[in-house]
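Quick note: to get my numbering, add 753 to the position in the sequence shown (first position is 1). Here is the structure we will look at.
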Amino acid sequence: MRTFLLAAASVSLLSLSANAWAGGNAANGKAISEKVCAACHGVDGAKPIAPENPILAGQYADYLERALADYKSGKRKNPVMKAMVDPLKKKDLEDLAAWFSIQKSSLHFQR
Ligand code: HEC
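Below, the structure written as structure tokens:
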């Protein structure tokens, strides 16, 4: 019985963490978003203040992390986003990706 409960608990932990991107800390992502990103993308990335700011909510975490890393390295060129990510660490980018990827989005059907 005890073994069964332990096994059941670890299965539910696994399915919880499947939503978050490898190691990304969504709570820290939210905190950064409130300070830096919300002004343009909305705190949950779902309601941008203007159409030129993309919806981030519900995007794949690895896509978001890659986009942020590319702005930082200059591979993807956008002066506004470059200025946003320059002061952030690699871990912050992971955390932001984790946060936005688990937000509800208007980009796809809600099930
Ligand atoms: C001053 C407004 C502004 C702020 C603040 C801002 N962004 Fe952006 N963001 C933009 C614009 C404009 C684009 C589109 C740039 C482009 O065309 O590549 C963008 C693009 C992005 C993209 C690419 C999305 C995609 O679909 O490819 C990501 C990811 C992103 N922002 C994340 C963030 C994060 C995380 C923060 C906070 C650290 C942030 N942004 C702060 C304006 C902003």
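Cβ atoms here follow ideal geometry from the backbone N, Cα and C, with glycine treated the same way.
Is residue i near the ligand HEC, in the sense that its beta carbon is under 7 Å from a heavy atom of that ligand?
i: Ile855; result: no
i: Leu860; result: no
i: Pro832; result: no
i: Ala810; result: no
Does residue i pass the burial test, meaning 16 or more other C-beta atoms within 10 Å, or should it be called exposed?
i: Leu767; result: Residue placement at Leu767 is poorly supported in this model, since its pLDDT is 45, which falls under 50; the coordinates still yield a value, given next. With fewer than 16 Cβ atoms within 10 Å of its Cβ, Leu767 is classed as exposed.
i: Ala773; result: Low per-residue confidence applies at Ala773: pLDDT is 47, beneath 50, and the placement is therefore not dependable enough to give any value.
i: Gly782; result: buried
i: Met837; result: buried
i: Asp797; result: buried
i: Gln856; result: buried
Closest by CA to residue i, which one among the options?
i: Lys843; options: Pro801, Ala822, Tyr816; result: Ala822
i: Tyr816; options: Arg829, Glu805, Pro804; result: Arg829
Ordered list of alpha helix (DSSP H) runs contained in the segment 769-819, each at least 4 residues: 779-785, 791-794
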